Amino acid sequence: MAVIFSKKSELPITSFDWGDNVLRLEPKASGCTTMVVMDVTLEPGGMHNFHKHPDQDEILIVLSGSITQYVGEEMQLLQAGDSAYVPRNTVHASFNDSQEATTIQVVLAPPMGESGYELIDVAHESPWKDIRG
Numbered sequence: 001m002a003v004i005f006s007k008k009s010e011l012p013i014t015s016f017d018w019g020d021n022v023l024r025l026e027p028k029a030s031g032c033t034t035m036v037v038m039d040v041t042l043e044p045g046g047m048h049n050f051h052k053h054p055d056q057d058e059i060l061i062v063l064s065g066s067i068t069q070y071v072g073e074e075m076q077l078l079q080a081g082d083s084a085y086v087p088r089n090t091v092h093a094s095f096n097d098s099q100e101a102t103t104i105q106v107v108l109a110p111p112m113g114e115s116g117y118e119l120i121d122v123a124h125e126s127p128w129k130d131i132r133g
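Going left to right, the sequence shown walks through residues 1 to 133 as full-length UniProt numbering numbers them.
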């Protein structure tokens, strides 16, 4: 069994229009074939708009701050320590409507594609494009 320790300062950060993504555990670097783990930081007003992962289950755990989380058309305000489970192929979105940065830990299983996760953006489709006005 390979043991892999990850130092935060050594992890790669990828910036997207919706926030920063730090891959903690991904197949290419770790050899793990069962899951992908990442930390996502959303700045105030930041979002990961409506999307789905056709072949992956997901759990989101709020580490700090708060998010408005949609799973399907259901919405909850999640704060540090709260979580949301998203079954595969379920549309979901995370919005930071607060005045402080929010960090979420995301676990996706199983890994898919080169980066370990694949998604389909549905933010411009009905009914998702109309939910947030």
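By construction, the Cβ of each residue, glycine as well, lies at the ideal position given by its N, Cα and C atoms. All values derive from a computational prediction rather than experimental measurement.
DSSP places ALA123 outside both helix and strand once states are collapsed to three, so it counts as coil. The C-alpha of HIS124 lies about 15 Å from the C-alpha of SER94. No Cβ-Cβ contact shorter than 9 Å links GLN56 with HIS92. Going by DSSP, LYS52 is part of the beta strand (DSSP E) stretching over 47-52. Ranked by Cα distance from ILE131, the options VAL62, ASN49 and GLY116 are led by ASN49. Here LYS7 is exposed, its C-beta having fewer than 16 other C-beta atoms within 10 Å.
Excluding the 5 residues flanking it on each side, LEU63 has same chain C-beta neighbours closer than 8 Å at ASP39, ALA80, THR103, ILE104 and GLN105, in chain order.
Among the bridge pairs identified by DSSP, ASN21 is matched with THR14 and VAL40. Sequence-distant partners of ASP82 (beyond 5 residues in either direction) whose C-beta falls short of 7 Å from its own C-beta, in its chain, are VAL62. Around the CB of TYR117, 16 or more other CB atoms lie within 10 Å, so the residue is classed as buried.
In terms of CA proximity to THR41, GLU100 leads the group ILE120, GLU100 and SER9.
Assigned with DSSP and collapsed to three states, ASP55 falls in coil, not helix or strand. Assignment of beta-bridge partners to TYR85 by DSSP yields ILE59. Out of MET112, SER98, ASP121 and LEU108, the CA that lies nearest to the CA of GLU43 is found in SER98.
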